[in-house]
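For the sequence shown, this note's numbering gives the first residue as -12, with consecutive numbering after it. The beta-carbon is built from N, C-alpha and C at its ideal position, and this holds for glycine as well. Bear in mind the structure is a predicted one, so any value in this text is a computation, not a measurement.
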Amino acid sequence: MDTKQMQRRLGKIIQARRSRLGYSQESFADAIGLHRTYVGSVERGERNVTLKNLLVIAEGLKMPLSTLIAAAEAELLISG
């Protein structure tokens, strides 16, 4: 599995879920205690995000981390 592809897929899942919950990037970042530019770089797949921050993000998205990872893996498998 290509790490960069996984980062991009994970970022897309995070961005989509955040939007569905009605958060702007800035309001979401404020709510979870991370900087807006950090959240943006995660959503663009530019960051190799730490487990600690993934847990914070998943909690903010109101979903288990395992579900977040599984969704990104599924997208990766579907897209090839």
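Three-state class that DSSP yields for residue i in the structure shown
{"i": "residue 34", "result": "coil"}
{"i": "residue -11", "result": "coil"}
{"i": "residue -3", "result": "helix"}
{"i": "residue 8", "result": "coil"}
{"i": "residue 39", "result": "helix"}
{"i": "residue 20", "result": "coil"}
{"i": "residue 48", "result": "coil"}
Distance CB(residue i)-CB(residue j) smaller than 9 Å
{"i": "residue 40", "j": "residue -10", "result": "no"}
{"i": "residue 33", "j": "residue 5", "result": "no"}
{"i": "residue 61", "j": "residue -3", "result": "no"}
{"i": "residue 45", "j": "residue 54", "result": "yes"}
Neighbourhood of residue i by C-beta distance below 7 Å, restricted to the same chain and skipping five residues each side
{"i": "residue 27", "result": "12"}
Pick from the options that is closest to residue i, judged by C-alpha positions
{"i": "residue 21", "options": "47, 51 and 0", "result": "47"}
{"i": "residue 3", "options": "49, 42 and 17", "result": "49"}
{"i": "residue 18", "options": "64, 57 and 43", "result": "43"}
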